[in-house]
DNA sequence: TTGACGCGTAGGAATTCTCCTACCTATCGT
DNA sequence: ACGATAGGTAGGAGAATTCCTACGCGTCAA
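Residue numbers (my numbering), protein chains in the order written: chain A, 8 to 115; chain B, 8 to 115.
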């Protein structure tokens with residue numbers, strides 16, 4: 008139905024602010040589940056569930072290190088979000104109504 | 008908590024595939040609610056609800072034309088999604104490990 | 001004015017989400 | 001081996017999501 012293949016799980020994962028914040032925290036580098044949890048006002052099992060959602064969306068990977076579990080960012084699935092977003096870009100830049108936008112459109 | 012202000016409603020609106028498809032359809036131009044509905048395998052009240060969600064997220068506007076209601080794309084709120092996505096971009100391009108990515112990073 | 005049409009709202013059922021409190025497993029230090 | 005620590009799973013409550021049917025309101029055409 009849509010032109011670009013999209014993974015529903017990725018968009019669904021981003022719908023929750025806590026999960027978005029996890030991804031932002033992982034921008035700084037891998038982090039243990041417990042350290043991640045310190046940044047949130049929720050119990051650890053709840054965060055653990057969010058981490059599962061992120062894992063199933065392919066947005067993080069888990070790596071066991073002793074009794075810790077290090078989570079790492081896997082940003083690749085986010086690329087399809089920007090791919091999906093791309094056709095809309097010229098619309099929010101329409102306000103500028105510059106020639107470059109029109110040219111970009113033609114190039115597609 | 009996060010550096011960039013984000014509108015939860017926009018991410019939540021994009022979580023549903025039907026709503027994403029509505030936005031894609033509106034890329035072609037304004038469309039009446041009924042015509043939009045023809046593209047979906049659901050009853051009109053259900054789509055009407057999706058349109059309400061999109062309206063409240065600021066992603067579409069409604070304009071009455073006789074007994075029709077024309078919906079138009081308002082892409083501007085999507086810009087903050089790409090803004091949010093931007094810090095992740097270099098991570099999915101890391102696989103290329105090219106110099107440009109590193110330079111881009113330094114420039115931020 | 002009357003009937004058909006376009007489309008939203010009301011209300012409800014089924015499902016999913018998001019949080020919680022237990023609880024279990026595995027690992028580390030002593 | 002034993003207690004403490006890290007962190008997942010189980011199960012459940014409450015809220016939100018997503019669909020439905022029924023209905024109401026405004027508009028158009030005759």
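Beta carbons: idealized from backbone N, C-alpha and C, even for Gly.
In the structure shown, residue 42 of chain B adopts helical secondary structure according to DSSP, grouped into three states. A straight-line Cα-Cα distance of about 26 Å links residue 84 of chain B and residue 65 of chain A. Contact note: residue 16 of chain B does not reach chain A at a C-beta cutoff of 7 Å; the least C-beta distance is about 10 Å. Within the same chain, no Cβ atom closer than 6 Å to the Cβ of residue 19 of chain B is found once the five residues on either side in sequence are excluded. Rounded to the nearest whole angstrom, the C-alpha separation of residue 47 of chain A and residue 39 of chain B is 43 Å.
Between the alpha carbons of residue 21 of chain A and residue 70 of chain B lies a distance of about 30 Å. The region 28-39 of chain A makes contact with the region 72-89 of chain A, as at least three CB pairs between them are under 8 Å.
Per DSSP, residue 87 of chain A is one residue of the alpha helix (DSSP H) stretching across 85-99.
Counting other Cβ atoms within 10 Å of its Cβ, residue 59 of chain B stays below 16 and is therefore classed as exposed. Taking the C-beta atoms as reference points, residue 54 of chain B is found nearer than 8 Å to residue 43 of chain B.
As computed with DSSP, residue 72 of chain B is found in a beta bridge with B:75. For the 8 Å CB-CB criterion, residue 90 of chain A and residue 89 of chain B do not form a contact. Residue-level contact by beta carbon holds for residue 24 of chain B and chain A, with a gap shorter than 8 Å.
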